[in-house]
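**Q** Below is one structure. I have some questions about it.
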Amino acid sequence: MKNSTSLITLVALIGFVGSVYAGDAAKNQAAATHQLKDGGTLYLFKDGKMAKESKYGKAVYMKKGETLETVDGKKIVASSNEVARLGILISEGHLD
C-alpha cells in the first residue's frame, strides 16, 4: 500500500513539474508575453504574429479582431492567430 501511494505521489509531482516548464519553448520564441485577465497568456512573436494560451496551458483559437484584456487593464486587438505554432511550441516544451 505504501509503495502504491508513493508511486501515485511521484507521478503527480512529475506531472506538475512538467507543466511548469511546458511553456519554455514558447516563451523563448516570443518577443513578448502578456498575462490576460482570464488567466491565459498572449504571446507576441518576433515576426509580429500572436497566439493565445489558456489558463490550462493549451493553445486556443482567437478570432482576428478579438479584443483581449491584460491583467493591468490594457486592451490588445488580435491581429493573427498562430494556434498551431503555439501548440507545437507547447508540445516541444513537454519533450524537454
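Under mature numbering (1 follows the signal peptide of the UniProt record, and there is no 0), read the sequence shown as residues -22 to -1, 1 to 74, first letter to last.
All residues carry an ideal CB built from backbone N, CA and C; glycine is no exception.
Keep in mind it's a predicted model, so treat the numbers as computed, not measured.
Following the continuous beta strand (DSSP E) through Ala29, name the residue where it begins and the one where it ends.
**A** Run containing Ala29: Met28 to Glu31, per the beta strand (DSSP E) assignment.
**Q** Can you tell me where the alpha helix (DSSP H) with Ala3 in it begins and where it stops?
**A** Counting along the chain, the alpha helix (DSSP H) containing Ala3 begins and ends at Asp2 to Gln7.
**Q** Might you give, ordered along the chain, the residues of its own chain that have their beta carbon closer than 7 Å to the beta carbon of Ala37, omitting 5 neighbours on each side?
**A** Excluding sequence neighbours, Ala37 sits near Ala29, Glu31, Val61, Leu64, Gly65 and Ile68.
**Q** For Glu47, which of helix, strand or coil comes out of DSSP?
**A** Looking at Glu47 - three-state DSSP - the assignment turns out to be strand.
**Q** On the criterion of 16 or more Cβ atoms from any shown chain inside 10 Å, does Ala9 qualify as buried, or is it exposed?
**A** Exposed is the call here.
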